[in-house]
Structure formats: C-alpha cells, structure tokens
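Residue numbers (this note's numbering): 14 to 458.
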C-alpha cells in the first residue's frame, strides 16, 4: 500500500535524519492513462504504477493512436529484458511511437540498434565518458557550477531550471563537443524541441496536438532537426579541416573496422547528443532540489555532510536523487519471437515497454520505495538502464554534474524555499520539471 501523502514526517526536522517518508505530495489516481502526455503534467502517476505492479505487472495498454503495448512495471522484469537483446530488440524503436521502415532508417541512432552494431557506434565516443575520464572533468565542472550559482544567487528569487539546472549541463556539453559558449543557448533550445517535442512551450509542432506527418523522417518528428543538421555539417567541416580532440572529431574518425560514419549517421548521432546531453541531467537536478525544499531537514543533513567533507553521503544522495526522479520514464523494446514475461504470452512484433520510473519504486526491490533516503544502501536503480548494452553513455558525467552542483549549492545556501507553483513537461517519455521558482531565504556567511 502507498502511504498517504498527508502523513507527517516520521522524524522531527531538528533530528539528524537522512530520510523523509513519504517524499511526494501526490501519488495521483490509480487509473491514469500512462501513455497520455497530459497525465504527466500533473506528476508521475505513481498510484497507477503501484496498482499495476500489484495486480498486473505485465499489463496490456491500449493506445488511441497506436497498436497497444505491454507495460512492464516490476524491477526484475525490466532488468532482465533490458539485457536480453536477442528476444527484445531496440531496432524497431525505443519510444511508444511506431515508425515505418523508411522512417526508422532515416532517423536511426545507436539507440535503435542492438549489438554488435550498437557496440560499433558506442565505441566511437565511449572513451570520453568512462569514470576515469569523467573524473578529470571535475575541476572544469566545478568551475562552471561556481560561476553559474554565483550569478544566479545575486537574486533572491529566480527560476532554478533556467538559471542553474539548464546552464551547467549545457555549458559542459559545449566544452565536450568543442562548440562555443555563445552557441550554448541555441543548443538547449534545439534539445528542448527534440525531447520536449510533445510540449507546446518547446515547439510549435507538438506531437499529438498538431499534424507532424511532414516531419516523420526527422529525428523526434521535429523541424528543429533541419537547423541542427546544418549546424552539425558546419562543425564537421571545421573538424575535417582542423581535427581536434573533442567529441565531434571522435565521431568523424573511422570506426574500428576503418569505416567512417555516413553524413546522415553523423548528423543523427550529433542530434542524439544534443537531445540527451542536457535535458535529463537538468530535470534530475531540479527534481532533487524540489524534494529537498519540501523536506528541509534533508537539505540540512546533506548540507552538514558537505561542510564536513562527507563524500560518502553525497555519493549515496546523488544515487537517491537519480532513483527518485527516474527522468527517462521508459524505453521500449519489440519482441523478436513469441515469448513469455512472468507467465504472460507475448507475440513476436509486440511492443514491450520497460517503465524504469515504476521499477525504481518497486517494493520488491527497494525497501520503503517512497522514502527519500540520502543514505539508501544497495541503491542499484534503473535511471540509467543499469548494466545492459544500452546503459546511458553519459551516466558518469551526469553523476558528476549532479554531485558538484549540489555540493556548491549547499555550501552557499542555508535555506531555500519554493516560490510558486512548478510546471511539468508535457511528455510520457521524459518526466521533467520545466519551471521551479525558488526564494533564497538565507545565504551562507
């Protein structure tokens, strides 16, 4: 059973505690249409997922504009399927949208590939995202975080998303791509149009609200791709004339078999980096602060740990922020043959959707899943897809950026409060807080 959102905290705010329960204000109804983009503007439908995990963990979901799919909501099932690329392929799409073969071919990135093809593409840039290499970025990330926060904190009231959470990942991504800071806001605007392609705040052509058929051969069905492709082509021309050590140059280098990416493959890969390199980290940071503001004793506990140099608590707190937010709500697979999931018969060609946001709140895997615990042990969440072939390429970079931004925020701020209603992204794919007004009540001396 879910605990009532109105239940008081189980500890006094003055007490030294690393957790709050429940950490959410609203679990939503238990009969929400989880494929409806508008449902997610009210928050993650946790009560619906809890009922599905309990009553029908491999449930058939009907779609108004689709052929339906199997919703997998338990952790163990999602973990197993995400690793079984022979039975459950990514090559027919990783979101709910069905694409004809010519659309899929035109829009394909490494996300829509299985090993060994996926492995070939991933190796192009993976060496720049390993834990060892990401650790060398810490000083640069910290410098950017300090600059971003110091500028934002000149005001008592501001939108945390636009002034902080957007700025750091955007500027770090630009450094890695080798693009200029001056281009950063344009990259963010394009990224929003891609991952926010269902939200009218981010695009004039929101999927599901207007006819986007003319854009069906473009990644994310977004006309922003035209400008992104032009920009990518210009950046590629510069690197071919004068190669550097940035990610774009790595993409242009021949693969291990000596074959370079085609122009379309390069442009689609670049588009994927723009989409994934900013938005998910931004929304994870924002969700974390939202929880801390709702439970000030957690803010105080983490702040005390940062000031005391307790890196262990910070490391576990970052993982809890990732688990609780699970910003990428799902990834889809397609069954390659007739099979079974938890005794449910699945036919070849059926869409199978792994709901990571549900798996990360499965009480068979996580004790007290609706408790936000800064010191949660054994927190092997699925926010990055865990250890399958599609483990998020930028997982370690995202961890580093989240770690650094909270460390530097907590050093500078004693008390911060929410300063008005937040707004959520209209998307069933990305669970994001797109606006979070804050009031800085007290700065550190």
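Backbone N, C-alpha and C fix where the C-beta goes; we use that ideal spot for every residue, glycine too.
Practice task
Assign residue 18 to one of three DSSP states: helix, strand, or coil.
Solution key: Legend: pLDDT at residue 18 = 36, less than 50; position of this residue unreliable, value from coordinates given subsequently. Per DSSP, reduced to three states, the secondary structure at residue 18 is coil, with no helix or strand assignment.
Handout entry: CA nearest to the CA of residue 343, picked from 164, 395, 281 and 192
Key = Considering only alpha carbons, the answer is 395.
Exercise for the section: Taking only heavy atoms of the ligand NAP into account, decide whether any of them is closer than 7 Å to the Cβ of residue 179. Expected result: With respect to the ligand NAP, the structure offers nothing, as it holds no ligand at all.
Exercise for the section: Determine the direct distance from the alpha carbon of residue 457 to that of residue 442, and round the result to whole angstroms. Expected result: Each residue's Cα considered, the two are about 38 Å apart.
Practice task
Whole angstroms is fine: what's the gap from residue 97's alpha carbon to residue 207's?
Solution key: 28 Å
Exercise for the section: May I ask you to report which of helix, strand or coil DSSP gives residue 77? Expected result: coil
Problem - 6 Å CB neighbourhood of residue 25 in its chain, flanking five on each side removed - result: Residue confidence is low: residue 25 scores 42 on pLDDT, short of 50, so the model does not pin down where it sits. No coordinate-derived value is stated.
Problem - Three or more C-beta pairs below 8 Å linking the region 66 to 82 and the region 308 to 316 - result: No: the two stretches stay apart, fewer than three of their Cβ pairs being nearer than 8 Å.
Handout entry: Local conformation of residue 454 per DSSP, three classes
Key = strand
Exercise for the section: Below 8 Å on the Cβ atoms is my guess for residue 446 versus residue 299; work out the distance and round it to an integer in Å. Expected result: 5 Å
Handout entry: Between the CA atoms of residue 226 and residue 364 - distance to the nearest angstrom
Key = 22 Å
Exercise for the section: Answer yes or no: does any C-beta atom of chain D fall closer than 8 Å to that of residue 441? Expected result: Checking the listed chains, one finds no chain D in this structure; it contains a single protein chain.
Problem - Nearest neighbour of residue 368, chosen from 194, 430 and 48 [CA to CA] - result: 48
Exercise for the section: Given a cut-off of 8 Å, decide if residue 61 and residue 42 are closer than it, judged by their beta-carbon atoms. Expected result: yes
Handout entry: Identity of the residues DSSP links to residue 358 by a beta bridge
Key = 353
Exercise for the section: Could you tell me which residues DSSP puts in a beta bridge with residue 431? Expected result: Its beta-bridge partners are 451.
Practice task
In the DSSP assignment, find the unbroken alpha helix (DSSP H) run with residue 147 in it and report its ends.
Solution key: 144 to 148
Practice task
State buried or exposed for residue 23, treating a residue as buried only when at least 16 other CB atoms are found within 10 Å of its CB.
Solution key: Because residue 23 sits at a pLDDT of 38, beneath the cut-off of 50, its placement in the model cannot be relied upon, and the point is left open.
Practice task
Kindly indicate which three-state DSSP category residue 138 falls into: helix, strand or coil?
Solution key: helix
Handout entry: residue 244 (DSSP reduced to helix, strand or coil)
Key = helix
Handout entry: Integer-rounded CB distance, given that residue 432 should sit under 8 Å from residue 418
Key = Incorrect: roughly 19 Å between the Cβ atoms, too far for contact.
Handout entry: Those residues which DSSP pairs with residue 341 across a bridge
Key = 443.
Exercise for the section: Please say whether residue 435 and residue 147 have beta carbons closer to each other than 8 Å? Expected result: Cβ distance not < 8 Å, so residue 147 and residue 435 don't count as in contact.
Problem - Alpha-carbon spacing of residue 117 relative to residue 55, whole angstroms - result: 31 Å
Practice task
Please confirm whether residue 109 and residue 141 have their CB atoms less than 8 Å apart.
Solution key: No Cβ-Cβ contact shorter than 8 Å links residue 109 with residue 141.
Exercise for the section: Report the residue ranges of all beta strand (DSSP E) runs contained in full by the region 66 to 119; include only those spanning at least 3 residues, in chain order. Expected result: Qualifying beta strand (DSSP E) stretches, in chain order: 71 to 74 and 82 to 85.
Handout entry: CA-to-CA distance, residue 258 to residue 340, given in whole angstroms
Key = Rounded to the nearest whole angstrom, the CA to CA distance from residue 340 to residue 258 is 31 Å.
Handout entry: Alpha-carbon spacing of residue 157 relative to residue 296, whole angstroms
Key = 18 Å
Practice task
Check residue 384 in the structure and name its three-state DSSP category.
Solution key: Looking at residue 384 - three-state DSSP - the assignment turns out to be coil, as it is neither helix nor strand.
Exercise for the section: Please specify which runs of the alpha helix (DSSP H), each continuous and at least 4 residues long, are wholly inside the region 254 to 337, giving them in chain order. Expected result: You should have 260 to 265, 276 to 289, 292 to 307 and 309 to 320.
Exercise for the section: May I have the straight-line CA-CA distance separating residue 228 from residue 326, to the nearest angstrom? Expected result: C-alpha separation (whole angstroms): 46 Å.
Exercise for the section: Excluding the 5 residues preceding and the 5 following residue 306 in the sequence, name in chain order all residues of the same chain whose CB lies nearer than 8 Å to its CB. Expected result: 312, 429, 430, 431 and 451
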